[in-house]
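Working notes for the structure below.
In the numbering used here, the protein residues as written are 373 to 516.
In structure tokens, the structure reads:
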């Protein structure tokens, strides 16, 4: 939860629902109840309030790409740097999900079985953005 608590703004908003870490930044403007309904719980566990209002299938139906991992141990959690981590074989984030994140504004790569959200690092990479974007949405372990 320590990492989740860092994402509390309109431009970077994460919430937790039923142990799932959700990056709802892109969904804020689409939320039928308005942005404030979500921003009130930014960086926090919203499970209790969420469950009072929403049916169980609502995340998968309206914001399927928001899930970036799970709280706690095991694959698919959030590592110390805040990136989603894990591998499909251990119940983490499947490669099909990683393959959806291939742009300069949303870039994930896999290195040594960990899924890394490298979007904010692209401009800082010493080898330039293209060095990472070439492997966006793919396993870059061998090249890394």
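Note that CB positions come from ideal geometry on N, CA and C, so glycine has one too.
- Query: What distance in whole Å lies between the Cβ atoms of residue 396 and residue 387, which are believed to be in contact at a cut-off of 8 Å?
  - Reply: Against the chain shown, residue 387 aligns to sequence position 15. Against the chain shown, residue 396 aligns to sequence position 24. Correct: roughly 6 Å between the Cβ atoms.
- Query: Which of the three DSSP states, helix, strand or coil, is assigned to residue 437?
  - Reply: Within the chain shown, the letter at position 65 stands for residue 437. DSSP, read as helix, strand or coil, puts residue 437 in helix.
- Kindly indicate the opening and closing residues of the alpha helix (DSSP H) around residue 470. Translated into the one-based positions of the chain shown, residue 470 becomes position 98. Taken as a continuous stretch (DSSP letters only), the alpha helix (DSSP H) holding residue 470 covers 467–470.
- Message: Here's the rule I'm using: 16 or more other beta-carbon atoms within 10 Å means buried, otherwise exposed. How should residue 410 be labelled?
- Response: Position 38 of the chain shown, counted from the first residue, corresponds to residue 410. Burial of residue 410 is indicated by the presence of at least 16 other C-beta atoms within 10 angstroms of its C-beta.
- Message: Using the Cβ count rule (16 or more neighbours within 10 Å means buried), how would you classify residue 516?
- Response: Here residue 516 corresponds to residue number 144 of the chain shown, with the count starting at 1. Result: exposed.
- Task: Report, in whole angstroms, the separation of the C-beta atoms of residue 512 and residue 483, which I expect to be a contact under 8 Å.
- Result: Residue 512 sits at position 140 when you count from the first residue of the chain shown. Residue 483 sits at position 111 when you count from the first residue of the chain shown. Confirmed, about 6 Å.
- Query: Is the CB of residue 490 under 8 Å away from at least one CB in chain C?
  - Reply: In the structure shown, chain C does not exist; there is a single protein chain.
- Task: Find out if the Cβ-Cβ distance for the pair residue 479, residue 504 is shorter than 8 Å.
- Result: On the chain shown, position 107 is the one that residue 479 refers to. On the chain shown, position 132 is the one that residue 504 refers to. Yes, they are a contact pair.
- Taking 8 Å as the cut-off, decide whether the C-beta atoms of residue 470 and residue 415 are in contact. The count along the chain shown starts at 1 and reaches residue 470 at position 98. The count along the chain shown starts at 1 and reaches residue 415 at position 43. No, they are not a contact pair.
- Item | Helix, strand or coil at residue 376 [DSSP, three-state] | Walking along the chain shown from the start, residue 376 turns up at place 4. In the three-state reduction of the DSSP assignment, residue 376 falls in the helix class, which pools H, G and I.
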